[in-house]
Amino acid sequence: MVIYAKQIASALQYAHSKRLVHRDVKPENMLVGANHEVLLSDFGIATVTQSSRHQLQEVAGTTSYMAPEQFRGQASAASDQYSLAVVAYEWLCGERPFKGSFYELASQHLLLSPPPLFHINKRSSLR
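Using the working numbering, the first residue of the sequence shown is number 1043, and each one after it goes up by one.
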């Protein structure tokens, strides 16, 4: 899992160095290449940033993986990193840290810390 996360982080670092913000980092946009490397795909809603500051944009992305600022239309490189952290959490626990409607997810991502991994793993082992 760590190797895959590093590969996606490296792809994001490259995109960010070209001033691209992906805005939709999620497992469905990660592909396994011929040499078993993980590739980041679907830059369809990516934006070009003018600076490191947040810019107002339309809200886009998959709500379960969106960073708090992305719900406000202010995606940045840090938003992609947040999304990758949500993916890593899901890989470790088998579920996402937050669930609900668009508004419930926005509120949870803004106001709550993710449940500790051991709580999730404990619940999973009881099933």
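By construction, the Cβ of each residue, glycine as well, lies at the ideal position given by its N, Cα and C atoms.
In or out: Gln1055 buried (at least 16 other Cβ within 10 Å) or exposed? Gln1055 is classed as exposed because its beta carbon has fewer than 16 other beta carbons within 10 Å across all chains shown.
Taking only three categories from DSSP, how would you classify Val1128? helix
Within this structure, are the beta carbons of Tyr1131 and Leu1159 separated by less than 9 Å? Yes, the Cβ-Cβ distance between Tyr1131 and Leu1159 is below 9 Å.
CB contact flag (Phe1140, Pro1156, <9 Å): Yes; because the gap between Cβ atoms is below 9 Å, this pair is in contact.
Can you give me the C-alpha to C-alpha distance between Ala1148 and Ala1117, rounded to a whole angstrom? Whole-angstrom Cα-Cα distance: 14 Å.
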